[in-house]
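*Asks:* My questions will all concern the structure given below.
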Amino acid sequence: ESKEMLKAGIEVGTKVAAHCTSLGKVLLAFLPEQEFMMLYPNENEKLIVSLVVWDNL
Numbered sequence: 002e003s004k005e006m007l008k009a010g011i012e013v014g015t016k017v018a019a020h021c022t023s024l025g026k027v028l029l030a031f032l033p034e035q036e037f038m039m040l041y042p043n044e045n046e047k048l049i050v051s052l053v054v055w056d057n058l
């Protein structure tokens, strides 16, 4: 909570790891597993679980 205005955003040209953004997670979710493993060859289970899209339907 703040009495001052807050600015949340990323400037044009800023680079952020794909798994750190919602759009990046969507793009990674639809990559074939082989391509994903080429991008993240040594990642641990914690990162992979954070990329899972949970469907409660």
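Residues 2 to 58, numbered by the working numbering, are exactly what the sequence shown covers, in order. Glycine included, each C-beta is placed from N, C-alpha and C at the ideal position.
Between which two residues does the alpha helix (DSSP H) containing A19 stretch?
*Replies:* Taken as a continuous stretch (DSSP letters only), A19 belongs to no alpha helix (DSSP H), as it is neither H nor E.
*Asks:* Helix, strand or coil for L32? Go by DSSP, reduced to three states.
*Replies:* Here L32 sits in coil by DSSP.
*Asks:* Quick one: Cα of M38 to Cα of E5, how far?
*Replies:* Those two C-alpha atoms are separated by around 44 Å.
*Asks:* How long is the line joining the alpha carbons of L24 and E2, rounded to whole angstroms?
*Replies:* Each residue's Cα considered, the two are about 27 Å apart.
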